[in-house]
Amino acid sequence: MQSCLNILNMAASSSQNGIQLLLAAEQEAQHIVNAARTAKQARLKQAKEEAEREIAEFRAQMEAEYQRKLAESSGDSGANVKRLEVETEAKIEHLKTEASRISPDVVSMLLRHERVQVNGNSIFRISDSPSGDCESSDELENSEILFLRLLQLVSLCMAYNSNSKSNVDDDEEEEFEHFDDFTVASSWERFISEIEAVCRHWLADGPKNLLAKDAVQMDLLLVLYKVKSEFKYASKSYCMEYYFEKSSNGEAGDWNKQSHDLQLSFGVKDFLVIAPLSASGVVLDAPEASKLLSAVAIALSNCSCNWPAFVPVHDPSRKAYIGIQNMGTAFTRRFEADGIGSQVPVKLMHMEGLYELFVSKFAYAAVDLSMRHFKVHFKTKLTYRTLTYEDEDEAEGADADISATGEIFESENPGRMQWDDDCPWSEWYSAEDPVKGFELLAIWSERVAESSLDMAELENASPLEADSWFLYPSLPQNLDISDGNTIGFASQLRLLVKALEMSLEAQYMEDFLSVEKSGSENLSSSAVIPPPTVLDRVLKDLFHEVTEAQVGFSLDEHKSSRAIKGSPLYSLFGQFCLHALWFGNCNIRAIAVLWIEFVREVRWCWEESQPLPRMQSNGAIDLSTCLINQKLHMLAICINKKSLQGKAHDIGRHDDSAIAHLQENMQIQTKFSASHGAREGFSNNDRKSSFQVAGSMMLLKSYKIMHAPITQDPPPMTEDMHEERLQAAEALGDSFSFSAQLEKDILASDMSAFKAANPDAVFEDFIRWHSPKDWECDCSEKLEESRTYSMKESTIEWPPRGRLSERMSDMGNSWRKIWNEASPLPASEQKPLLDPNREGEKVLHYLETLRPHQLLSQMVCTAFRAAVDTLNQTSFGGLKQMTTKMGQLYITMASTLKYMQSNNMTSDSEIIEDLSRLCVTFEHVEKLIILAASLHRKFLQAPHLAEAIFSDYSDYYLQETGMCSSQADKRKEFDKTQEIQLQDRNIIAGMFTPPTATQSWRNVVSMGNLLNGHEPISRGIIFSKRDRANGSYFDSSPKFHQQEIETYRMYVSQTSNDLRVALSVASCD
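Sequential numbering of the sequence shown, starting at 0, is according to numbering that gives the first Met the number 0.
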């Protein structure tokens, strides 16, 4: 510090080494900065900022007063000199006081310069410099410059000292970035210098590096990014933002929907915006806005940068801007934009008035614009919007209301049709139409207008004459985000999964009906049980209002549907699960109530021998379904058997003869004549329960034709019964003996029926009919005797050739033992293989004692299968992508739900998490299929458009659903448009139905270009005027000689209520 003062004092007395001494002073000042860097960190930040401001103001005042007093003191006025000395000393004392709060080093430096003396020549002198007049004016001027430079060094030292606390952790970067430019003399110049430094930094990095650093993507835009930096000037804070695209190739599009408002307005690509950090974000003071724009323009010019810069002005609602751009030549482009939010002049609502407005910007004011001809280029875009459902009838309410119990009630207004009334899911809920409407863009490419009449002619033209049509669907942007109010299968399946998780805590379903046993306070308060009327309505739909179409299982299921172990869609348990999704909002208590009443209704059907609705009463049990569905099928068979037995008991013996007569009618006439049968020694009365002739086989011990008997059907078996037999087989070990033992009843029944149908049959005859694989025929043997009976077109050889297999020829074979014990009895007189009473009660016992988690696990599988089978019935045309997604959903569900198929599911949290993720996947597909159905209905005559829109949105949707949570606030907008070919324009125009008197349309049309009576909702026009620039306008660049440039450009965006105009003018300044 002492050396710095010595250098300054020496400079005040001699000017021979002034430059070298100045450099030495700056170096010494740098040592001061380095010392300040190591100062203590516990300094008051607010006090430092105030002192810095005081020093800056003092320096500015000193400079201003010096210039003023220098002029006043030219007459060697002693009074002025004295006053200047007093004022200067007072300011120095104030500066010392404020500086004492900042840094001891700065205080020491200021104390060495306590006094500022003014001699007769009215210049500043250092107190330690020699007294008396200076030897020359050069010496005095050097002293003045050194003093002012010292004040600047002090200010910079204190500014750096105030920031040293926040930057102490990165000293090396600080040394590189904080360069002290001692040529800057004012705060405004320093402001320009800071802007220039940031712009150079952005230029050096380029878009690629900026994206890798701190650039952020603009909301709802795809290609535009921005970086920002903050500045301070004159006690105000400003923010400068640089907007840029990933690729710097190409030019900004005129009607690009992804473009920023300023890009559309002024036809620029990359640009800067500087605005104050305030609530409004705009500059309300015109001088301040001009000064800001000038500062940015100077900084960009110093950087040799051609970015346009804009400053927002006026009220924010006006979206007003002023701007400037250095075009890299002698030309400068200036920008200005403003808007009118109401009471737009009638003349400006028409193209003719807008044309004259543009012409007035470059034509003489005295010229009649309507009579003169000016060659103006222009482009036009008109936007039309179809009516939404709400616009057509806003007075009517929603078609479905949700009650406090969670049930959905139908609309009281049956006359109003929902868009999805004939969709398969409409039985359970009404989905909101995802296609809110369409926007049609009719674009006229560049044309030339020479008068306002040309514009008036275009305003009366039909949109069908436009050069290009583009269709933009209005689709939800956040389709994958569930707001909690969306009702669909996916939302209800989530609730069912929660109920499954709660079911693991109870032993019986009745436990959830008791508040004391529920075990959860939230369960009793939030789980609402619907009123009895709702319950009765559900049971009535399940058991009483059943049509034949609902009983039959003629539904074309998806090929992968049976891979899901659930109940079929239209089965009794399948419909029960779908009702449970909506009953009481699918809480566990409501499910418990519904299940208990469901079992009671099933028992009533059993006790009253009433057919079980929605279930087949015959046939084999489908083991690919869930166990509850198998049990209900078994019960339906038992009820049918029980009912037949009851009728047979009431009819008595008379019924037996009727049955016998019926069986005789069902027999197939043999190929033997009656006389031949008598001649062979058998009678039809000897046969009992014969169904038909067994081909051409004859009995071994007689010349009689073998008859196939009527046998009892094998008893139906459910999955758990098969498992019991399999466990028994593993315990016995001998599979053949086990098979014979377990099938003894069935085998004995078949043998008895065979003996009744063939009285002269032997064991070998039964084997030939029942198990042909155990009858070995050696065709090489030659029989010594053979009789052949020719009967019309067939021949029967006797005796039959062959022998029993090795295992059947054993005399100790269990089958032969059963044969010997079997009595010849027809099936109608045998003991039934299935005891319907016993098996029926076993089914009911299973249903009544089913554990909650076993019930809920089967409900989850069935509900998922029934829901996806319902959606699979949706008609969505030939959308291959949707077909693929449905197939993928079936496979995903089958792989996830296979862990639910075991009856011993434990409280595995991973299974619950997998089911929750499955619900999310289901929701995605459900929303996409609703969208596909909506598009299919709207483009029946142009299915290729529906396919194109769905394909684009599906790709966008998949990309959106793959985003992580940190990117959720950076979502881009779906902005894909479809170009409409000429042959499709009439189809699209038909979507714009003429407005009716009941719709709220204006009687007075504000703009032209009507489409079926619809005026455009917005209109955009780009006017431009081009001139050829002389070579003298440019910086001696021959290649620009006589180049055509756009000297005037005006962008107009208007609706029936507002108007916004953006003007850019290129001029040679």
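Here a beta-carbon is modelled for each residue, glycine too, at the ideal position from N, C-alpha and C.
Range of the contiguous beta strand (DSSP E) that encloses residue i
i, result
"Pro851", "That residue, Pro851, is in no beta strand (DSSP E); its alpha helix (DSSP H) goes 851 to 871."
"Gln570", "One detail in the question is off: residue 570 reads as Ser in this sequence, not Gln. It is not in any beta strand (DSSP E) - Ser570 carries neither H nor E in the DSSP assignment."
"Met976", "A small correction: the amino acid at residue 976 is Thr; Met does not occupy that position in the sequence shown. Note, Thr976: premise wrong, no beta strand (DSSP E); not H, not E."
"Leu474", "Leu474 -> no beta strand (DSSP E), and no H or E assigned at all."
Residue i versus residue j - alpha carbon distance
i, j, result
"Asn628", "Leu568", "11 angstroms"
"Trp201", "Lys926", "44 angstroms"
"Leu209", "Asn255", "24 angstroms"
"Asp269", "Gln417", "47 angstroms"
"Cys422", "Glu431", "12 angstroms"
"Glu229", "Leu499", "55 angstroms"
"Leu263", "Ser186", "35 angstroms"
"Val598", "Ile638", "15 angstroms"
"Lys641", "Glu838", "11 angstroms"
"Arg802", "Lys816", "18 angstroms"
"Glu544", "Gln887", "35 angstroms"
"Glu355", "Ser192", "43 angstroms"
"Asp868", "His557", "7 angstroms"
"Thr485", "Asp419", "16 angstroms"
"Met348", "Leu470", "25 angstroms"
"Lys1024", "Asp213", "39 angstroms"
"Glu1045", "His923", "50 angstroms"
"Val226", "Ala893", "48 angstroms"
"Ser1035", "Arg1027", "Reliability of the predicted coordinates at Ser1035 is poor, the pLDDT of 43 falling under 50, and the value obtained from them is presented with this limitation in mind. So the alpha carbons of these two residues sit roughly 16 angstroms apart."
"Ile986", "Ala865", "37 angstroms"
"Glu509", "Pro713", "37 angstroms"
"Gly322", "Lys378", "23 angstroms"
"Ala931", "Ser234", "58 angstroms"
"Ala505", "Leu541", "27 angstroms"
"Cys576", "Ala526", "18 angstroms"
"Val272", "Ala336", "14 angstroms"
Bridge-paired residues (DSSP) for residue i
i, result
"Arg332", "Gln324, Ala1065"
"Phe230", "Tyr237"
"Ala319", "Val312"
"Lys378", "Ile1021"
"His1013", "Leu1010"
"Ala448", "Val375"
"Ile339", "Leu1058"
"Lys225", "Val215, Tyr242"
"Val272", "Glu240, Phe309"
Where residue i falls, given that 16 or more other Cβ within 10 Å makes a residue buried
i, result
"Phe361", "exposed"
"Leu152", "With a pLDDT of 48 at Leu152, under the threshold of 50, the modelled position of this residue cannot be trusted, and the question is left open."
"Thr624", "buried"
"Ala278", "exposed"
"Arg1048", "buried"
"Lys754", "buried"
"Val281", "buried"
"Gly583", "buried"
"His259", "buried"
"Ser451", "buried"
"Arg724", "exposed"
"Arg324", "Sequence check: residue 324 is Gln here, not Arg. The residue in question, Gln324, is buried, as its Cβ has 16 or more Cβ neighbours within 10 Å."
Simplified DSSP assignment, three categories, for residue i
i, result
"Ser559", "coil"
"Gln880", "helix"
"Met696", "strand"
"Ala707", "strand"
"Phe190", "helix"
"Ala441", "strand"
"Thr717", "coil"
"Glu1043", "strand"
"Lys630", "helix"
"Tyr1050", "strand"
Residue i - containing alpha helix (DSSP H), residue span
i, result
"Arg815", "813 to 820"
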